[in-house]
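Structure, as structure tokens:
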Ligand code: NAD
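In the numbering used here, the protein residues as written are 153 to 443.
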């Protein structure tokens, strides 16, 4: 792999790109935010002034963008990756987007001999910095094998789960499980409070039992200390749950509990709390119960 392009240097992309530079990859980077590009330049990457410049130079291109429309614009848009990439280029989209969009983008790419892998991640900014993300990949196995070593510089695991789109289906499963866990935790803890039982004692009593979970251990200490700073913003989780609902409706697979938690998140958005961490779901329950 002679040159790697990296497009999208936000909360997640910036530390992921830095880890590739640290691992010795010859990186060329671009973002619409000049300051982010400059920071990567100072970290040792080659900087580009456009997507076209990245696409012309790189054999493998990583994208880490907010949602489906951004990835479509960057890969398929005028002056984008596909217009400028060499035949044989592998695009590794690590954004969390709709699996349907991944399949649509991949189909356009294949017409020009470019292979798309969808490779979203879980673990948030701390694991992006540590290079210990969980990476879930969909797409062609031969292309996956070519980029697997690079992915393992950003994550502690990279699992090929199936064909194109299956990485993002896996990410939607992850986001459903996390959202419903936080809602269940919130419902239970407000019930305890209303019964005069200290939620911290409830947490300590149950965390070693069947209700214990990574989500409980990550979110309960935040809730107990009144920390609602992201972390993972409610607005991004709404994006993921909307993608989950669209995907579920497309294949006639009802996801009623996801729809319920989506409405709780929408209510928090209406209340102006969309920039809070998703642990702020407990605020909704407190309001319902008059806590
Ligand atoms: P972010 O908003 O911080 O970063 C996105 C970056 O993309 C920004 O720097 C933005 O300037 C850039 N960008 C947007 N349009 C562009 C364009 N046309 N050309 C070039 N650059 C462009 O978002 P983030 O938190 O880094 O998340 C990125 C993705 O990873 C999202 O899909 C998110 O859901 C997912 N994710 C985030 C977390 C988290 O904890 N933040 C965890 C796991 C997965």
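Note that CB positions come from ideal geometry on N, CA and C, so glycine has one too.
Taking the CA atoms as reference points, residue 312 sits about 29 Å from residue 413. Taking non-hydrogen atoms of the ligand NAD into account, the C-beta of residue 248 is found less than 7 Å away from one of them. One thing to note: residue 226 has its Cβ within 8 Å of the Cβ of residue 159. Taking each of 208, 179, 207 in turn and checking the Cα distance to residue 196, the smallest one comes out for 179.
Just measuring C-alpha positions, the residue of 398, 429, 439 sitting nearest residue 251 is 398. In the three-state DSSP reduction, residue 338 falls in the helix class (H, G or I). The beta carbon of residue 398 sits no closer than 7 Å to any heavy atom of the ligand NAD. Residue 181 and residue 249 have their C-alpha atoms some 21 Å from each other. Beta-bridge analysis with DSSP links residue 245 to 215, 270.
Cβ contact annotation for residue 267 (same chain, cutoff 6 Å, sequence separation greater than five): 242, 292, 295, in chain order. The beta-carbon distance between residue 220 and residue 253, rounded to whole angstroms, is 4 Å. This is short enough to meet the 8 Å contact definition. The alpha-carbon of residue 261 is positioned some 17 Å away from that of residue 247. Comparing alpha-carbon positions, the option among 174, 176, 170 lying closest to residue 190 turns out to be 170.
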